[in-house]
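A.B. asks: Dropping the structure in here first, questions after.
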Amino acid sequence: QAQLIESGGGLVRAGESLRLSCVGTGRTFATYAMAWFRQAPGKEREFVAVSAGSGRGPTYADFVKGRFTISRDRTNMVSLEMRSLEVDDTAIYYCASGWRHPNYDYWGQGTQVTVSS
């Protein structure tokens with residue numbers, strides 16, 4: 862059974878950095894898009910960044926503003942480096958994977974990121 866497992870969440874202060882990781886198991890995700898989404902309290906889940914499996918460059922949400930970098934360290938692993946974190950970045954961050962963005966078949970359980978002022 863294919864799974865996505867996130868790690869790296871935590872509590873940081875505004876302006877600090879955090880790195881999230883997601884590893885896929887149970888199948889190969891090499892040709893799949895791997896992405897990050899987030900959901901803040903009381904808000905809908907929103908797209909953050911995607912690394913396409915086709916070799917195309919990454920795509921980011923506008924609010925990232927150059928602060929986040931998505932990378933695929935290995936075939937089944939994707940990371941999200943987050944810098945200059947803001948209080949509004951507080952959310953549960955989810956890893957997702959699918960054949961093509963924005964259609965995702967696999968979702969992780971999520972990892973909490975809390976940014977304090």
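Under our numbering, the residues of the sequence shown are numbered 862 to 978, in order.
Note that the Cβ used here is the ideal one computed from N, Cα and C, for glycine as well.
(1) Please confirm whether SER958 and ALA913 have their CB atoms less than 9 angstroms apart.
(2) Going by alpha carbons, who is nearest to ASP923 out of GLU907, MET938 and ARG917?
(3) Would you kindly work out how many angstroms separate the C-alpha atoms of LEU872 and TYR965, rounded to a whole number?
(4) Going by other Cβ atoms of all chains shown within 10 Å of its Cβ, with 16 needed for buried, is VAL899 buried or exposed?
(5) Taking PHE929 as the reference, give the member of THR936, GLU947 and LEU865 with the closest Cα.
C.D. replies: Looking at the coordinates:
(1) no
(2) GLU907
(3) 28 angstroms
(4) First, the residue type needs correcting, since residue 899 is Arg and not Val in the sequence shown. Its Cβ being crowded by 16 or more others within 10 Å, ARG899 is buried.
(5) GLU947
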